[in-house]
Amino acid sequence: MTVPLSWYLIFATALFSIGFFGVLARRNAIAVLMGVELMLNAVNVNLVAFWRYLTPTDLSGQIFVVFVFAVAAAEAAVGLALMISIYRTRKSINVDELNELKL
Amino acid sequence: MTLPNLDLPPLLPEIILIGMALLLLVVDMAARFRDARAEGSLMAGLTFASVLIAAGATAAGIGGGDASVAGVVLVDDLSRYLNLVVLLAAGLSVLLAWAYVPQFSRESSSFYALVLLATAGMMFMGKSVELITLFVSLEILSVSLYILTGFNRHQLASAEGALKYFLLGAFSSGFFLYGLALFYVQTGSTQLAEIAAQDSGGVLLLIGLGLLLVGFFFKLAGVPFHMWAPDAYQGAPTPVTGFMSVATKAAAFIALFRVLAAVPGVPVEVWGWAVAIVAVLTMTWGNFAALRQKSLKRMLAYSSIAHAGYMMTGLVAGTDALNAILYYLFAYAFMNIGAFAVAAMLERPTPNAPQDATIDAARGLFDRRPALATAMAIFMLSLTGIPPLVGFFGKLYVFGAAVSAGWAWLAVVGMLNSVVSAYYYLRVVVVMFMAPEDETSYVRSRIPAGAGTAIAVAVTGVLLMGLLATPVFVELGRAVIALR
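Here it is in structure tokens:
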């Protein structure tokens, strides 16, 4: 028995929605970043499933996934560095408490 | 396995910039500078030289026909003019950063290397005709700008603006990517040309386009996706603010045009409404929020949101408005970076970093520095859209394109918004020329040579491009004719 393509798509959509909810609901910056990573990985699941089921001879789907990995890693490195620099002065990375810049 | 035969010479400008970025990092490691100023000047000089050479190489290629490299980037006259806008913004910002960055940082080499990488990313984004390249170049420019925004590590505002920019930018990348993935599903290809060759649209393509537009609107700071922009623009070092408010918009607009021109089966009546609604919200919100700002930089940040809205007005006219938007981008590069450069001169130095300038800091500026006040007045009047300055012609062409495409009401909303914007732009002029000097006023006792040059070039650009509006516009029209 093979798993139909639609299952992957439903799974990826669910994963994307969980990540989306995490970004909106979490107040800790690291948890927000984890939500973003879930969203990016949902796209990866999508891309790999499409590649396998629709265009197995054309590698662009797989290559896309590799680039998404690399970009996500670079983003995480920059984001965590920014959080450390804020934590050093603030002792907190709660996004609600970042209110230096207001009217 | 054979490697593809790459035809690299058309990408010479980008190669120069990336090569120089790597060279700066090596020079920094090899030379071990003692003095932050000496290091800053050397790095800025090298960066400025490479920007000039890249601009020269780009300008030499104009009219030289189209060249496709490996099927992923297309070097045509549209992308060459985009290169010039981005390099102009980068050059002016580097001149401004020359004396600015050593005030708070000993790491000038990384600063300028990141500026060069962001510039190269923007240039690639405007010429990418393939989805993976589009995504990677967008991320190159975004990640570089996240770091540049938070470059002043000693100032909490800078790090805070950077973190907000980063979190929302990464969030929007998720939408952008999901949209690209749906394009790939529906068409089985990542090449824009192959996507455009499909005869039917399909619902996934429509959803994908919607998600992609969300991603683009985040980068363009379109309302309601603008939440990061005022904080990131205010927190970032002033040269970075000027650079990213102009160059990111330029790259995103041109890339958006290429995508919209390629999507099959989605007529302008469908996406045009989405763009028109966002344009109205962006103009109105940006202008009304700018009215009540006390910080000069934050006011300019909101004004930059409003200007993104004006440019989106041209977007609904489709490829017919491309030359209008290109003209507006050139105009905006001169007047906006000029305004940020003057704002930087009004920032009071503190041990860690220059302090944000309030609008009141400009009180009595005309009495103390008549030339600087006159330059700022020219930028403010041009941003308002007073003829014969360049900002007027920018709005004229963009709104004109919207009218001839049948979106007259949108142009009317844009003009009403310009009237609102006159209030806060002219307030700066009034404060400079009529308010007496008091303890809140501040201007640097010596204008650094780099910043002075940047302001002088910007003034010249605003005046000249206004006088030569018609020939420039016609020339830009010739450049974009191929895309129609």
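Chains A and B are the protein sequences, given in the same order. Residues 72 to 174 in our numbering are what the first sequence spells out, letter by letter. Residues 868 to 1351 in our numbering are what the second sequence spells out, letter by letter. Each residue gets a CB set at the ideal place from its N, CA and C atoms; glycine is no exception. This one's a predicted model, so the numbers in the text were calculated from it and none came from an experiment.
Point to revise | CB of V996 of chain B within 8 angstroms of CB of L1076 of chain B, strictly | key: no
Exercise for review: For P1237 of chain B, name the three-state secondary structure that DSSP assigns.
Suggested key: helix
Check your understanding: Which residues of chain B have a Cβ atom closer than 8 angstroms to the Cβ of M154 of chain A, listed in chain order?
Key -> L1030
Point to revise | Reduced DSSP secondary structure (H/G/I, E/B, other) of A867 of chain B | key: Because chain B in this structure spans residues 868 to 1351, residue 867 of chain B falls outside the shown range and cannot be described.
Exercise for review: May I ask which residues mark the beginning and end of the beta strand (DSSP E) holding V942 of chain B?
Suggested key: V940 to V942
Exercise for review: Check the Cβ of I169 of chain A against every Cβ in chain B and list those closer than 8 angstroms, keeping chain order.
Suggested key: First, the residue type needs correcting, since residue 169 of chain A is Leu and not Ile in the sequence shown. The answer, in chain order, is E1027, L1030 and K1031.
Check your understanding: Closer than 8 angstroms, CB to CB, is I1226 of chain B near chain A or not?
Key -> no
Exercise for review: Would you list, in chain order, the members of the region 1042–1062 of chain B that have their beta-carbon closer than 7 angstroms to a beta-carbon of chain A?
Suggested key: L1044, Y1045, A1048, Y1051, V1052, G1055 and T1057
Check your understanding: Beta-carbon separation of T1057 of chain B and A1210 of chain B under 8 angstroms?
Key -> no
Exercise for review: Quick one: which residues of the region 99–114 of chain A get their C-beta closer than 9 angstroms to a C-beta of chain B? List them in chain order.
Suggested key: A100, V103, L104, G106, V107, E108, L109, M110, L111, A113 and V114
**Study point:** Residue burial classification, D167 of chain A (beta-carbon count within 10 angstroms, cutoff 16)
**Key:** exposed
Point to revise | G93 of chain A at chain B interface by Cβ criterion, 8 angstroms | key: no
Practice item. Answer yes or no: does any C-beta atom of chain B fall closer than 8 angstroms to that of I89 of chain A? Key: no
Exercise for review: Would you check if the distance between the CB atom of T1000 of chain B and the CB atom of V961 of chain B is smaller than 8 angstroms?
Suggested key: no
**Study point:** Unbroken stretches of the beta strand (DSSP E), 3 residues or longer, contained in the region 880–907 of chain B
**Key:** none
Check your understanding: When the Cβ atoms of the region 961–980 of chain B are set against those of the region 900–913 of chain B, are three or more pairs found closer than 8 angstroms?
Key -> yes
Exercise for review: Tell me whether L174 of chain A is buried or exposed, calling it buried when 16 or more other Cβ atoms sit within 10 Å of its Cβ.
Suggested key: Legend: pLDDT at L174 of chain A = 46, less than 50; position of this residue unreliable, value from coordinates given subsequently. L174 of chain A should be labelled exposed.
Check your understanding: In terms of alpha-carbon separation, which member of B:Q970, B:G932, B:G928 and B:A898 lies closest to N950 of chain B?
Key -> B:G928
Check your understanding: So P1315 of chain B and W965 of chain B are in contact, right, with Cβ under 8 angstroms, and what is the actual spacing, rounded?
Key -> 7 angstroms
Practice item. Below 7 angstroms CB to CB, which residues in the same chain sit around Y79 of chain A once its five sequence neighbours on both sides are set aside? Key: V116 and A120
Review point. Taking the alpha helix (DSSP H) that R1371 of chain B falls in, what are its first and last residues?
Key: One cannot answer for residue 1371 of chain B here, as it falls past the ends of chain B, which runs 868 to 1351.
Exercise for review: For A1336 of chain B, count neighbouring C-beta atoms within 10 Å of its own C-beta (all shown protein chains included) and say buried if the count is 16 or more, exposed if not.
Suggested key: buried
Practice item. Can you pull the chain B residues whose beta carbon is under 8 angstroms from the beta carbon of V139 of chain A, in chain order? Key: F1002 and L1044
Review point. Along chain A, in chain order, which residues have C-beta atoms closer than 9 angstroms to that of V939 of chain B?
Key: Within 9 angstroms Cβ-Cβ: nothing; V939 of chain B doesn't reach chain A, min ~10 angstroms.
Practice item. Please list the segments of the alpha helix (DSSP H) lying wholly inside the region 1065–1140 of chain B, counting only runs of 4 or more residues, in order along the chain. Key: 1070–1087, 1095–1102 and 1105–1129
Point to revise | Closer than 8 angstroms to chain B by CB, V149 of chain A | key: yes
Exercise for review: Look up Q1058 of chain B in the DSSP assignment and give the residues it is bridged to.
Suggested key: B:E997
Check your understanding: Is it right to say D129 of chain A is buried, meaning 16 or more other beta carbons lie within 10 angstroms of its own, or is it exposed?
Key -> exposed
Review point. Looking only at its own chain, which residues have a Cβ that is under 6 angstroms from the Cβ of A888 of chain B, when we skip the five neighbours before and after it?
Key: A980, L983 and L984
Exercise for review: Would you identify the three-state DSSP class for S1039 of chain B, choosing helix, strand or coil?
Suggested key: helix
Point to revise | Reference F821 of chain B, options B:E1304, B:Q1101 and B:G930, closest by Cα | key: With chain B covering only 868 through 1351, there is no way to say anything about residue 821 of chain B.
Review point. When DSSP labels each residue in this structure, what does P84 of chain A get in the three-state scheme?
Key: Note that residue 84 of chain A corresponds to Thr in the displayed sequence, not to Pro. Helix.
Review point. When we look at the beta-carbon of M1282 of chain B and count the other beta-carbons within 10 Å, is it buried (16 or more) or exposed?
Key: exposed
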